[in-house]
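The sequence shown begins at 1 in full-length UniProt numbering and counts up one residue at a time.
C-beta: ideal position from N, C-alpha, C; glycine also.
Here is the structure we will look at, set down as structure tokens.
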Amino acid sequence: MAGNKMDLLQLMLLLQLWIGVLTLTEAVRSLDEGVLTLTAPVSSGNDSDPPVRGDIYSNGKIYDITHLINPKMPKWGSPDGMGQVVTIIDDMQEGAEAYTSEMDLPSHTGTHVNAPSHFFEDYFEQGFDTSTLSLKTLNGPALVVDVPRNTNITAEVMRNLQIPQGIHRLLFRTLNTDRKLMYQSKFHSDYVGITGNGANWIVDNTNIKLVGIDYLSIATYTDAVPTHHALLRSREIVIVEGLKLDNVKAGIYDLHCLPLRVLGAEGTPARCILMSSNFQASDFMSKDFVPLL
Numbered sequence: 001m002a003g004n005k006m007d008l009l010q011l012m013l014l015l016q017l018w019i020g021v022l023t024l025t026e027a028v029r030s031l032d033e034g035v036l037t038l039t040a041p042v043s044s045g046n047d048s049d050p051p052v053r054g055d056i057y058s059n060g061k062i063y064d065i066t067h068l069i070n071p072k073m074p075k076w077g078s079p080d081g082m083g084q085v086v087t088i089i090d091d092m093q094e095g096a097e098a099y100t101s102e103m104d105l106p107s108h109t110g111t112h113v114n115a116p117s118h119f120f121e122d123y124f125e126q127g128f129d130t131s132t133l134s135l136k137t138l139n140g141p142a143l144v145v146d147v148p149r150n151t152n153i154t155a156e157v158m159r160n161l162q163i164p165q166g167i168h169r170l171l172f173r174t175l176n177t178d179r180k181l182m183y184q185s186k187f188h189s190d191y192v193g194i195t196g197n198g199a200n201w202i203v204d205n206t207n208i209k210l211v212g213i214d215y216l217s218i219a220t221y222t223d224a225v226p227t228h229h230a231l232l233r234s235r236e237i238v239i240v241e242g243l244k245l246d247n248v249k250a251g252i253y254d255l256h257c258l259p260l261r262v263l264g265a266e267g268t269p270a271r272c273i274l275m276s277s278n279f280q281a282s283d284f285m286s287k288d289f290v291p292l293l
């Protein structure tokens with residue numbers, strides 16, 4: 001009888017081990033610059049399971065396009081990266097009743113938004129900070145486009161992309177993603193961005209109200225001022241930077257982007273996701289199509 005109980009116990013342990021293996025293999029794993037990315041994460045439900053940080057959920061219907069804030073991520077102008085972000089203030093290992101911490105990070109950290117006050121002194125004094133950005137603009141149908149890998153985003157590039165007039169949110173997937181710049185601690189000034197004439201073309205020839213890109217600045221390093229001035233002057237265009245578009249193909253998605261609501265901040269980190277959409281880019285070209293804001 002004791003032998004039967006032992007056999008049963010061993011069988012149960014083997015079964016649990018096998019379930020754990022199956023659970024792990026159901027996630028698509030990729031090792032990317034030392035950061036393990038899990039896709040379509042699942043859990044066995046045990047309290048002892050390690051936390052899962054995924055990028056794709058619900059069988060490819062939800063894409064997390066927000067970079068994980070961590071000490072090794074790039075910081076504008078720094079050769080060494082972000083550095084320590086979270087500092088433990090109360091530590092349970094030292095007798096505290098609960099953990100509490102403080103965060104120290106620039107307003108333009110990782111995936112973040114820019115407010116009009118970022119490049120205009122009068123807008124800053126008038127209070128046009130990130131808390132004034134329209135959630136209507138930050139949420140809705142968006143077009144992800146792949147841009148040529150041998151150039152910045154100029155007026156000519158924008159003209160050749162032939163963006164439908166019904167598009168109000170445009171996300172650029174560029175060479176920055178191919179180079180994995182957001183996974184490198186060292187800041188790279190040779191990233192791909194929008195030039196001044198490219199920004200003017202967007203303002204003059206499209207109905208775009210939100211632009212996003214896959215590195216720390218929407219503007220090229222040398223055209224930071226003219227590009228931002230063109231895009232932010234009207235206070236009608238929202239800029240989203242540092243997007244994680246590694247696993248995202250070109251096409252129409254539903255964008256949901258929620259920046260922190262911080263009084264006086266010209267930029268704040270944001271949590272942004274894309275959800276699969278039933279729309280096609282061609283839908284936004286129809287004369288009968290009513291644009292969705």
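Neighbour-count burial assignment, residue i, 16 or more Cβ in a 10 Å radius
i: R159; result: exposed
i: G267; result: buried
i: K75; result: buried
i: K209; result: buried
i: T222; result: exposed
i: D190; result: exposed
i: L135; result: exposed
i: V86; result: exposed
i: R149; result: exposed
i: P226; result: buried
i: S44; result: Residue placement at S44 is flagged as unreliable, the pLDDT there being 49, under the threshold of 50; the coordinate-derived value follows with that caveat. Burial call: exposed.
Straight-line gap, residue i to residue j (C-alpha atoms, nearest Å)
i: I65; j: R271; result: 8 Å
i: S131; j: L243; result: 20 Å
i: V238; j: L232; result: 7 Å
i: P141; j: D254; result: 4 Å
i: V262; j: T220; result: 27 Å
i: A224; j: T154; result: 13 Å
i: G193; j: S217; result: 7 Å
i: L68; j: K180; result: 14 Å
i: Q126; j: Q93; result: 46 Å
i: D178; j: D214; result: 10 Å
i: D32; j: M103; result: Any reading at D32 must be qualified, since the residue scores a pLDDT of 39, below 50, and its modelled position is unreliable; no value is offered.
i: A281; j: N197; result: 25 Å
i: P106; j: T100; result: 20 Å
i: I88; j: M73; result: 20 Å
i: M182; j: F124; result: 28 Å
i: H108; j: L245; result: 18 Å
i: L38; j: S58; result: Residue placement at L38 is flagged as unreliable, the pLDDT there being 40, under the threshold of 50; a coordinate-derived value is accordingly withheld.
i: G90; j: A98; result: Gly is not the amino acid found at residue 90; the sequence shown has Asp there. About 7 Å.
i: H168; j: I252; result: 11 Å
i: I56; j: D204; result: 35 Å
i: P79; j: T137; result: 34 Å
i: G166; j: V147; result: 19 Å
i: L15; j: H118; result: Interpretation of L15 is limited by its pLDDT of 46, a score under 50 that renders its predicted location unreliable; no figure is taken from the coordinates.
Whole-Å CB distance - residue i paired with residue j, under 8 Å assumed
i: V110; j: P269; result: Just to set this straight, residue 110 is Gly in the shown sequence, not Val. That pair is a contact at about 6 Å.
i: N152; j: T206; result: Going by Cβ atoms, the distance from N152 to T206 rounds to 18 Å, so no, they are not a contact pair.
i: R235; j: P116; result: 5 Å
i: A265; j: D129; result: 5 Å
i: G60; j: S276; result: 7 Å
i: G81; j: S185; result: 3 Å
Beta carbon of residue i nearer than 8 Å to that of residue j
i: V144; j: L161; result: no
i: V248; j: R173; result: yes
i: L175; j: G212; result: no
i: I273; j: Y63; result: yes
i: V113; j: L133; result: yes
i: A199; j: A230; result: yes
i: F284; j: P164; result: yes
i: N139; j: H228; result: no
i: G83; j: F187; result: no
Cβ-heavy atom distance, residue i to the ligand GDP, below 7 Å
i: G196; result: The model on display carries no ligand, and the ligand GDP is accordingly not part of it.
Within the region 160-232, ranges of the alpha helix (DSSP H) (whole runs, at least 4 residues): 175-178, 196-205, 224-232
Whole runs of the beta strand (DSSP E) within the region 83-153, excluding any shorter than 3 residues: 86-90, 100-103, 112-114, 139-146
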